[in-house]
Structure formats: C-alpha cells, structure tokens
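Numbering (my numbering), first residue to last: 1 to 74.
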C-alpha cells in the first residue's frame, strides 16, 4: 500500500502574485523588473512569467548582503 505525503510541497516556479505574497513587494514591481531586465532571472512558461524559487531566494540573499548596514559594536 502506498501512502501519500500529507505535507504540501512549495512550488518550484513562482508567478508575480506568489512573489508578492512571499516578499511583500507588489506583483506589478516584479513584472516591471522582469520587463527592464533587473531582479532575479525569469522566463515565460506558456503565457505566464515565472521565477524559479531557488533563483529568487539566491537573489534576495545577494540583495541583503549587498545592502546590510549597522551591526557594528558601539
């Protein structure tokens, strides 16, 4: 007998609405960034623009590392 894993898996591909939920950045901003060629890499999947989850997380880490401030000892 085969059992089904009850835990949902996170989707590998995210659309702009998924990214808005994940980051709080408007879906329109994600689409604009894709249009002007900035932000994480994206591609068309059928008629939808999608981003690979791993690529988005890597890009977010790069943004965080590149813009960190403070943390020094006073």
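Where is the CB? At the ideal position from N, CA and C, for every residue including glycine.
Since the structure is predicted, the reported quantities are computational estimates derived from the model, not experimental observations.
| Query | Result |
| --- | --- |
| Would you list the one or two residues that DSSP bridges to residue 50? | 43 |
| By how many angstroms is the C-alpha of residue 68 removed from the C-alpha of residue 31? | 25 Å |
| Leaving aside the five residues before and after residue 53 along the sequence, list all residues of the same chain whose C-beta is less than 8 Å from its C-beta, in chain order. | 10, 11, 12, 13, 14 |
| What number of angstroms, rounded off, separates the C-alpha of residue 49 from the C-alpha of residue 41? | 10 Å |
| Considering Cα atoms alone, identify which of 39, 45, 44 is closest to residue 60. | 39 |
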